[in-house]
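Colleague: Dumping the structure here so I can ask a few things about it.
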Amino acid sequence: MNGSLYKRGQTYYIDYRLNGKRHRESTNTTKRREAELILDNRKREIREAKSPEIKNSVNVCKLAELAQEYLKWTERQRVHKTKKIWVKQLVEVFGNLYVKDLNPRIIEPWQSVRLKYNKPSTVNRLTGCLKHMINKGVQWEMASEKALKLVRMVKPLEENNRRLRFLTIEECQTLIDCCAPHLKPIVTVALHTGMRRGEILGLKWKQVDLNHGFILLDTTKNGERKEIPIDDTLQEMFSEMPHSIESIHVFTDRDGNPYKSIKHSFSTALRKAGIHDFRFHDCRHTFASHLVMAGVDLV
């Protein structure tokens, strides 16, 4: 009988054929020498016509192992940082369980516990990540179709936490007036373009075309190139912002590095402006709402 070793993450697996059928089995070890001994032992058992417990890798893979491969797969995706947080939370609960053992009886009680601390939409995002991970596991032969079918039986929770918060024109001006100097142009861009926080903080001067009057987003969240119109307010603001030919990012700290977070300064501005129940993302809602009120069709 021929056989071979291969790795998934840090763990060694054995690959062999028996009666014309291919089998893959986890050795549950990260040491090559130990894995070789396990493979030799399996060969001997088959040679001696014994009845070994043949386990396909799709039945012995733990969620923690699948999670390692999944995070590698997401490394080059824009959602990697978010997925990393979600996967960490899932592994903390289900990591030691075999993928084949996951089912509604295990997942639904966990959802109920999460609802004590999170909104239904958050729990749905986590559950969706779990389902997607196992779906990829089927493609990678680390999970079975049966396991995927069981997990898909978990129904999404009803999301009753929808909210739409936007500011009036007067509130917008008050908020801008209460912003710290470094924050003022950032909030101005948000309210005048509807761009996302990450798009604004990562904005580069090469994306700002004042001659043609637009901001070019190379890759949006939906994977599309998009031109954002620059109005007169932004045209004047960008023109007056000091920068040299060597400047890369539009919004930088004193060391010339792009801001990683504006949470504290934005909260301070809201407090000074007397504005409550408002998040930075609501600047996007505000922009869209004022377009609608102006008669612009957003579809």
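Every number in the working numbering is 82 more than the matching position in the sequence shown, counting from 1. Beta carbons are placed, not taken as given, at the ideal position from N, Cα and C, and that holds for glycine.
1) Please classify lysine 228 as buried or exposed, where buried requires at least 16 neighbouring CB atoms within 10 angstroms.
2) Roughly how many angstroms lie between the CA atoms of proline 134 and leucine 283, to the nearest whole one?
3) Quick check on this structure: which residue in Glu252, Lys237, Asp314, Leu246 has the alpha carbon closest to the alpha carbon of valine 271?
4) Should alanine 131 be labelled buried (16 or more other beta-carbon atoms within 10 Å of its own) or exposed?
5) Kindly indicate which three-state DSSP category threonine 93 falls into: helix, strand or coil?
6) Please give me, in chain order, every unbroken run of the alpha helix (DSSP H) with length at least 4 that falls completely inside the region 291-364.
7) Keeping to the same chain, check which residues put their C-beta closer than 7 angstroms to that of histidine 162; ignore five residues upstream and five downstream.
8) Evaluate contact between the region 323-342 and the region 274-281, counting only Cβ atoms and requiring at least three cross-stretch pairs below 8 angstroms.
9) Alpha carbon to alpha carbon, how far is valine 236 from glutamate 190? Give it in angstroms, no decimals.
10) Identify whether glycine 284 lies in helix, strand or coil by the three-state DSSP scheme.
11) Tell me, which residues are paired with serine 456 by DSSP?
12) Just the C-alpha distance for serine 139 and tryptophan 222, rounded to the nearest angstrom, thanks.
13) Among residues of its own chain, excluding the 5 on either side of tyrosine 88, which ones have a beta-carbon nearer than 7 angstroms to its beta-carbon?
14) Taking the DSSP output, what are the residues bridged to glutamate 274?
15) Among all the DSSP beta bridges, which residues are the ones paired with tyrosine 180?
16) Go ahead and pull the three-state DSSP assignment for serine 226.
17) Just how far apart, CA to CA, sit isoleucine 136 and glutamate 107?
18) Could you tell me which of Lys308, Asn110, Thr209, Tyr180 sits nearest to serine 194, measuring between CA atoms?
19) On the three-pair Cβ rule with 8 angstroms, is the region 310-328 touching the region 362-370?
20) Are the region 249-268 and the region 288-296 in contact at 8 angstroms, needing three or more beta carbon pairs?
21) In terms of DSSP beta bridges, what is arginine 106 paired with?
22) Hey, could you find the ends of the alpha helix (DSSP H) glutamine 159 is sitting in?
23) Does at least one heavy atom of the ligand SAM sit under 6 angstroms from the Cβ of asparagine 339?
24) Contact check, alanine 149 vs valine 181 under 8 angstroms by CB: the rounded distance?
25) Answer with buried or exposed for glutamate 318, where buried requires no fewer than 16 other C-beta atoms within 10 angstroms of its C-beta.
26) If you check the beta carbons only, do histidine 346 and lysine 286 fall under 7 angstroms apart?
Modeller: The answer reads as follows:
1) exposed
2) Because the pLDDT of proline 134 is 46, which lies under 50, any placement of that residue in the model is unreliable, and the number read from its coordinates should be weighed accordingly. For proline 134 and leucine 283, the distance between alpha carbons rounds to 58 angstroms.
3) Asp314
4) The predicted model places alanine 131 with a pLDDT of 47, which falls under 50 and marks its position as unreliable; any figure quoted below should be read in that light. Its Cβ having fewer than 16 others within 10 Å, alanine 131 is exposed.
5) strand
6) 314-322, 345-355
7) Thr156
8) no
9) 7 angstroms
10) If DSSP states are grouped into helix, strand and coil, glycine 284 belongs with coil.
11) Residue 456 lies beyond the range of the chain shown here (83 to 381); nothing can be said about it.
12) Because serine 139 sits at a pLDDT of 49, beneath the cut-off of 50, its placement in the model cannot be relied upon, and the following sentence gives the value as read from the coordinates. Those two C-alpha atoms are separated by around 11 angstroms.
13) Tyr95, Asp97
14) Note that residue 274 corresponds to histidine in the displayed sequence, not to glutamate. DSSP, once it has assigned bridges, lists no residue as partnering histidine 274.
15) Lys144
16) coil
17) Low per-residue confidence applies at isoleucine 136: pLDDT is 44, beneath 50, and the placement is therefore not dependable, though the value from the model is reported in the following sentence. Each residue's Cα considered, the two are about 8 angstroms apart.
18) Thr209
19) no
20) no
21) Asp97
22) Taken as a continuous stretch (DSSP letters only), glutamine 159 belongs to no alpha helix (DSSP H), as it is neither H nor E.
23) Absence of the ligand SAM from the depicted structure is noted, as is the absence of any ligand whatsoever, leaving it without description.
24) Alanine 149 to valine 181, Cβ: 10 angstroms. No contact.
25) exposed
26) no
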